[in-house]
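For reference, the structure discussed in these notes is given below.
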Amino acid sequence: RHPCGAPMLSSEEMHDVYGGDQEEAEAAEQTARMSPELDRAPKEMTPSHEATPSGSMMQMPGDDLGGTGELNPQSLAFEEISVGNQAQGPTPSSSTSRLGDSTNTPFLGGDGGMPKGQSFQGAGGASSIDASASGAANIWQLAYYKPLFDVDSHHILTRTIHALLPRPRAQFFEVISPNPDLYGPFWIATTLIFVIAVTGNLAKWMAFKPSEVEKKWSYDFTKLTGASTLVYMYVTLAPLAVWGVLRYMQASKRFVDMLCVYGYSLASFVPISLLCVIPSGALRWILLLCGCAVSAAFVITNVYTHLQDCFPYSDSDSMKRGYMLLAGMGAMHVLFSLLLKLLFFA
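In our numbering, the protein residues as written are 7 to 352.
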């Protein structure tokens, strides 16, 4: 008898009920005898939703077994896979690179081919050259050059003081490295042009003496055009030549750095030109030589410091070529001062 009290069928009776051969009947009888053992199995062996991990692909079949112990295929269902933080996108920090970059900065090129720490970023500028802005703009668009004019009066004043008070171990390249500008160099050069034109005409007026050839003094507008040609050519071609030599020596700086240094180096000539109004030839020579010395010392000490960083051994062949470069830079500065004296304050 079945443990629950129900009478069990014999093999012959099962054969009559289910049909089929004797082997099938015996298999059915054995299945019926095993069912009570399944009923007495401990309940904790049955899988449940609590034991199912959250990352499973689908529900376990035992979760939807009915009272008959049969599997219902319609109860199967898929669940979403949860993989935690791996499904999240990249963090903002992983999408950013600094100077530099390579830097998408105007007048491209790092120092010695090394990328700037993202860079044109650090302490000396308004913040750093906006690499994303300059990189998105075309070289023929004004937006490409906008970062070179993104400075305020504090930075202009600080850099001008560096130019007027040169130091033996100059650090101007480090000051402008995060954010070199052309705003200060442009206005210093433009101011110098107008000062030279005005003071040159004043000096000529103070020294004027009527004669039969020239009975009345007249303003000389050619001094303005001459000063524009001389100053703009010098502040453009001189740094271009130095930049090219440094590249040849494999100690290159960015071209915009050289433009910035040479532009600020002209700051000492602005007060000198104002004092040259005084009608004294000897005093004008002294003033122009002093201005030349200050300006040349500022440019030469900064380039010399850069060469020392690139070539630490002073007896190396590269450093010897560097000394020749420094001598050439000094000669160009002296020539520029002589032209100022002879063309505008003779």
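Where is the CB? At the ideal position from N, CA and C, for every residue including glycine.
Owing to the predicted nature of the structure, the values given are computational and were not obtained by experimental measurement.
Q) Along the chain, which unbroken stretches of the alpha helix (DSSP H) at least 4 residues long are found entirely within the region 181–225? A) Complete alpha helix (DSSP H) runs here, min 4: 189–212.
Q) Beta-carbon separation of V251 and S274 under 8 Å? A) Counting from 1 along the sequence shown, the entry for residue 251 is found at position 245. Counting from 1 along the sequence shown, the entry for residue 274 is found at position 268. In this structure, S274 does not lie closer than 8 Å to V251 by Cβ.
Q: Check whether the Cβ atoms of I284 and L294 sit closer than 8 Å, and answer yes or no.
A: Within the sequence shown, residue 284 is the residue found at index 278, counting from 1. Within the sequence shown, residue 294 is the residue found at index 288, counting from 1. One thing to note: I284 has its Cβ no nearer than 8 Å to the Cβ of L294.
Q | Beta-carbon proximity list for I199, same chain, < 6 Å, skipping 5 on both sides | A | Locating residue 199 in the sequence shown gives position 193, where the first residue counts as 1. Around I199: A233, S234, V237.
Q.
Taking the beta carbon of M212 as the centre, do at least 16 other beta carbons fall within 10 Å, making it buried, or is it exposed?
A. The residue given as residue 212 occupies position 206 in the sequence shown. It is exposed - the Cβ of M212 has fewer than 16 other Cβ atoms within 10 Å.
**Q.** Start and end residues, alpha helix (DSSP H) containing K229
**A.** Indexing the sequence shown from 1 puts residue 229 at position 223. First-last of the alpha helix (DSSP H) with K229: 228–254.
(Q) Distance check for S183 and W291, CA to CA, integer angstroms please. (A) As a first step, residue 291 is located in the sequence shown; it is residue number 285 there, counting from the start. As a first step, residue 183 is located in the sequence shown; it is residue number 177 there, counting from the start. Each residue's CA atom was taken as its position, placing W291 and S183 some 35 Å apart.
Q.
In this structure, how does DSSP classify R165 when only helix, strand and coil are distinguished?
A. Along the sequence shown, one-based indexing puts residue 165 at 159. Of the three classes helix, strand and coil, the one that applies to R165 here is helix, per DSSP.
Q. Roughly how many angstroms lie between the CA atoms of M255 and L208, to the nearest whole one?
A. Residue 255 sits at position 249 when you count from the first residue of the sequence shown. Residue 208 sits at position 202 when you count from the first residue of the sequence shown. In a straight line, the C-alpha of M255 is about 45 Å away from that of L208.
**Q.** Any beta strand (DSSP E) of 3 or more consecutive residues that is wholly inside the region 274–344
**A.** You should have found no qualifying run.
Q.
On a Cα-Cα basis, can you pick out the residue from V201, L341, A352, W193 that is closest to C266?
A. As a position in the sequence shown, residue 266 is number 260, starting the count at 1. Closest by C-alpha distance to C266, out of V201, L341, A352, W193, is W193.
Q) How should L331 be labelled, buried or exposed, when 16 other C-beta atoms within 10 angstroms of its C-beta is the threshold for buried? A) Along the sequence shown, one-based indexing puts residue 331 at 325. It is buried - the Cβ of L331 has at least 16 other Cβ atoms within 10 Å.
**Q.** T311 vs A169 beta-carbon contact at 8 Å
**A.** On the sequence shown, residue 311 is found 305 positions in, with the first residue counted as 1. On the sequence shown, residue 169 is found 163 positions in, with the first residue counted as 1. Not in contact: T311 and A169 (Cβ atoms no closer than 8 Å).
**Q.** Nearest candidate by alpha-carbon position, reference S343, set S322, S320, G297, S324
**A.** Here residue 343 refers to the residue found at position 337 when the sequence shown is read from its first residue. Closest option to S343, Cα to Cα, is G297.
Q. When the Cα atoms are used, what is the spatial distance from Y150 to K221?
A. Translated into the one-based positions of the sequence shown, residue 150 becomes position 144. Translated into the one-based positions of the sequence shown, residue 221 becomes position 215. For the pair Y150 and K221, the Cα-to-Cα distance works out to about 53 Å.
Q: Could you tell me whether the Cβ atoms of A2 and G269 are closer together than 8 Å?
A: Lying outside 7 to 352, the shown extent of the chain, residue 2 is not represented and no answer is given.
Q) Going straight from the alpha carbon of K122 to that of S224, what length do you get? A) Walking along the sequence shown from the start, residue 122 turns up at place 116. Walking along the sequence shown from the start, residue 224 turns up at place 218. Per-residue confidence for K122 stands at a pLDDT of 39, beneath the threshold of 50, marking its modelled position as unreliable; the derived number appears in the next sentence. Between the C-alpha atoms of K122 and S224 there is a straight-line separation of about 54 Å.
(Q) Please classify H160 as buried or exposed, where buried requires at least 16 other C-beta atoms within 10 Å of its C-beta. (A) As a working mapping, residue 160 is identified with position 154 in the sequence shown. By the 10 Å Cβ count, H160 comes out exposed.
Q. Is the CB-CB distance between K215 and F350 below 8 Å?
A. Within the sequence shown, numbered from 1, the residue matching residue 215 stands at position 209. Within the sequence shown, numbered from 1, the residue matching residue 350 stands at position 344. Taking the C-beta atoms as reference points, F350 is found no nearer than 8 Å to K215.
**Q.** Same chain, Cβ closer than 8 Å to T242, neighbours up to 5 away in sequence not counted
**A.** The residue you call residue 242 lines up with position 236 of the sequence shown. Within the same chain, T242 has close Cβ partners L265.
Q. Roughly how many whole angstroms lie between the Cα atoms of G334 and Q314?
A. Numbered from its first residue, the sequence shown carries residue 334 at position 328. Numbered from its first residue, the sequence shown carries residue 314 at position 308. G334 and Q314 have their alpha carbons spaced roughly 17 Å apart.
Q: Output the distance between the C-alpha atoms of P191 and N144, rounded to the nearest integer angstrom.
A: To locate residue 191, count along the sequence shown from 1; it is residue 185. To locate residue 144, count along the sequence shown from 1; it is residue 138. Between P191 and N144, the C-alpha separation is close to 23 Å.
Q.
If I follow the unbroken alpha helix (DSSP H) through F261, where does it start and stop?
A. As a first step, residue 261 must be located in the sequence shown, where it is residue number 255. Taken as a continuous stretch (DSSP letters only), the alpha helix (DSSP H) holding F261 covers 261–271.
Q) Run through DSSP, which three-state label would P153 get? A) In the sequence shown, counting from the first residue as 1, residue 153 sits at position 147. For P153, the secondary structure class from DSSP, reduced to helix, strand or coil, is helix.
Q. Once you ignore the five residues that flank I162 on each side, which residues in its own chain have a CB closer than 6 Å to its CB?
A. Counting from one through the sequence shown, the residue named residue 162 turns up at place 156. Answer for I162: G190, listed in chain order.
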